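Worksheet for the structure shown next.
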């Protein structure tokens, strides 16, 4: 009985797979599923979209995108999604996704459109793709890029966009993940970041996001691909600003989490968010002087910091860390509260502090500094606001 | 027994009152209370501070200020606070405050320093004052200013600051309350606004505020008067920007309240806050083109909007209004939920809408417009996000 099922499944997926390959090779315009009407695929025709990553955010974004490609003349309807294969109840995750149209591991309950194809082979995902969306955990980025480079399937005219959050430090300087992609793959890479809690977007709660770009034409393509009525896209010519916001916001959330453990106060919470935004801007401008002020008033800036400080796991774990008086390690708290997932904020906080120390800038970033010092045991969690409560008067800003 | 008590009380307050009068006339340096050490008062000596208003915010601010004047060489230690007299349990509120050092009506439980004197006579409050802090409900401002003008006690060199929130419309233009004070009293008037929930500040939760000023020297004086380690002051040369933030934030809070009734979503909440901030800035710049962008990233801007949208009464009442499908009047909701206090946001929303309609600007302010239309029954509360969920693509911002 089991084998019979397996054989039927194998035949089913082989048909799907052959269809996708034929379809993408330009020799067939057959539909994978009757519900999807494919336009005739030509060379230099509709842009082919591939998503590298299938975690919760990758899965939700694949839904958003494929809703747009279904009805577009610009984009090829089929969206390929790379799945880092794992076995769930004796079945491959990619098979489950293709069969049930649900990513049961990372976004249970959300139905995927029929024009998404989950593929565990990165070469097959990259081949002929015009638009590459990177949404892997940032610690796997370099390995993923090396995999892509090993084969020769990457189109030289392809464009990339990074939806990843995080910062890499090299020689006491932050490196943009989008620049790493650009440099390694030798293709243009934009950035998307915003107030986007994946589970909320899976039920189409109204959200916004910001695309940071360099080239206006590319921005228009990305906006058309991502924009939905419940997911409104702003484009701003400030790649570095948009990406730095996404990387730094989690550090601010730790600060809010520490303070919440001692005194619930909206005044204090909003003050920490405000000071956090200010330090984010100052830090970004240190290394990328052309960063725009208005980026911090966009979805990737103020809105993302607010959502992260209200509903994110960094706040939750930081509060728990403070309740335990900093006696338990982050690993312990992560394993108890997050089922082993890692806290981005703790890692980023450490990386930033190295830079501040190396450049003797700690006093100019009192919030970032105290957050690191609490997170790594030099200071008691209750000192989070005491560093801000100084007798020192603040500088008066007047027009020049 | 009752009469005996009354006589003793009368004698006690007469002594305090005579002391204050003597002290301010420069002929005595006696202390009201042993805990307070008064410097010798000279003409043109320490600046005398008076607060016009004694609601919850006025009372908390009187505590903050008098903690500073107690130990200062710049300010006279005694802070006079004007009380619009009312009778509480057969006793005058001003008497209760002076006797118990507690404003039992508006800030129960918070102990006031000994150097605050509550005075029900506005002439006595104004007489000889160098620094006037206005913190009355804005609908009483003009009456209060007329009262002050009737007498000739106002020093021509006095400076004022407004802590009031609200907007007055004249000829389809917003008028700054600080400008009304300037014009009527012919003295300079600055503005203080920020993320300052009064009850939280009464327990010294860490908070920030922004002073909007025109004159650098005056800004320094106000900063020295207000700044405490738990109440940090930023000064920014943008009076109009700071005041418009305080007036407009309550409208945004209504929007958040409507949306919360239908779907709790951090993405949506932060998007409404962000769009709200954007419309606040755009609206302020329509009438005051010199408003600075950075004002909206200060405590009076982003932080105040966040705190108001998390903890304020406008959110609470707007959610209730939506739960009742807009069937109940605001008056009914206010009387049930706020003990008859008025919602600033509803009033301001109406005033703003008049301007937008008159100037044909509704489409440029979709959030402000839909909030009014929901609040006044033209639209169902659930339409709050639908106006934002459009198919219209947003404008791409690129560097010139």
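Protein chains in written order, with my numbering: chain A, 600 to 999; chain B, 600 to 999. We put the beta carbon where it would ideally sit given N, CA and C, even for glycine. Model, not experiment: these values are computed from the prediction.
Note that the C-beta distance between residue 789 of chain B and residue 810 of chain B is below 8 angstroms. If only complete runs of 4 or more residues are kept, the stretch 881-925 of chain B shows the alpha helix (DSSP H) at 903-910, 912-922, in order along the chain.
Around the CB of residue 740 of chain B, 16 or more other CB atoms lie within 10 Å, so the residue is classed as buried.
The beta carbons of residue 966 of chain A and residue 872 of chain A sit about 10 angstroms from each other, so the pair does not count as a contact at 8 angstroms.
The beta carbon of residue 964 of chain A is closer than 6 angstroms to those of 878, 955 in its chain, skipping five residues each way along the sequence. Across the structure, residue 980 of chain B and residue 960 of chain B are spaced so that their CA atoms are roughly 22 angstroms apart. Residues of the stretch 679-712 of chain B with a C-beta less than 7 angstroms from any C-beta of chain A: none at all.
Between residue 910 of chain B and chain A, the shortest Cβ-Cβ separation is below 8 angstroms. Judged by DSSP secondary structure, residue 931 of chain A falls within the alpha helix (DSSP H) whose first and last residues are 929-936.
With fewer than 16 other Cβ atoms from the protein chains shown falling within 10 Å of its own Cβ, residue 937 of chain A counts as exposed.
With a beta-carbon spacing of about 22 angstroms, residue 857 of chain A and residue 880 of chain A fall beyond the 8 angstroms limit used to define contacts. For residue 955 of chain B, there are no neighbours in chain A by C-beta distance under 7 angstroms, as the nearest C-beta there is about 21 angstroms away.
For the options B:902, B:826, B:774, B:823, the alpha carbon positioned closest to that of residue 885 of chain B is the one of B:774. Residues of the same chain with a CB within less than 7 angstroms of the CB of residue 722 of chain B, apart from the 5 flanking positions on each side, are 750, 752 in chain order.
Here residue 858 of chain A is not bridged, per DSSP, to any residue. Among the residues of the stretch 871-891 of chain B, those with a Cβ less than 9 angstroms away from any Cβ of chain A are 871, 872, 873, 874, 876, 877, 880, 889, 891, in the order of the chain.
By the C-beta criterion, the stretch 816-831 of chain A is judged to be in contact with the stretch 669-688 of chain A, since at least 3 inter-stretch pairs fall below 8 angstroms. In the DSSP assignment, residue 834 of chain A forms a beta bridge with A:810, B:995. A residue is called buried once 16 or more other Cβ atoms fall within 10 Å of its Cβ, and residue 755 of chain A, having fewer, is exposed. At the C-beta level, residue 765 of chain B and residue 899 of chain B stay beyond 8 angstroms of one another. Spanning the alpha carbons of residue 978 of chain B and residue 972 of chain B requires a straight line of approximately 6 angstroms.
Contact annotation for residue 670 of chain B against chain A: no contact, minimum CB-CB distance about 12 angstroms [criterion: below 7 angstroms].
For residue 867 of chain B, the residues of chain A that pass the 8 angstroms Cβ criterion are 799, 804, 805, 806, in the order they occur in the chain.
Between residue 665 of chain A and residue 706 of chain A, the gap from beta carbon to beta carbon reaches 8 angstroms or more. Taking residue 984 of chain B as reference, the option from B:869, B:688, B:836 with the minimal CA-CA separation is B:869. Residue 889 of chain B and residue 728 of chain B have their C-alpha atoms roughly 32 angstroms apart.
Residue 735 of chain B: not part of any alpha helix (DSSP H); DSSP gives it neither H nor E. Taking a Cβ-Cβ threshold of 7 angstroms, the residues of chain B close to residue 998 of chain A are 836, in chain order. Our two residues, residue 718 of chain B and residue 683 of chain B, have alpha carbons roughly 9 angstroms apart in a direct line. If you keep only unbroken alpha helix (DSSP H) runs of at least 4 residues inside the stretch 696-752 of chain A, you get 721-725, 740-749. Within the same chain, Cβ atoms closer than 8 angstroms to the Cβ of residue 867 of chain A are found at 858, 984, the five residues on either side in sequence being excluded.
Cα atoms of residue 651 of chain A and residue 909 of chain A: separation of roughly 29 angstroms, rounded to the nearest angstrom. For a Cβ distance threshold of 8 angstroms, nothing in chain A lies close to residue 860 of chain B: the least Cβ distance comes to about 14 angstroms.
Remark: C-beta atoms of residue 945 of chain A and residue 969 of chain A do not approach each other more closely than 8 angstroms.
Taking a Cβ-Cβ cut-off of 8 angstroms, residue 849 of chain B has no neighbours in chain A, whose nearest Cβ is about 15 angstroms from it.
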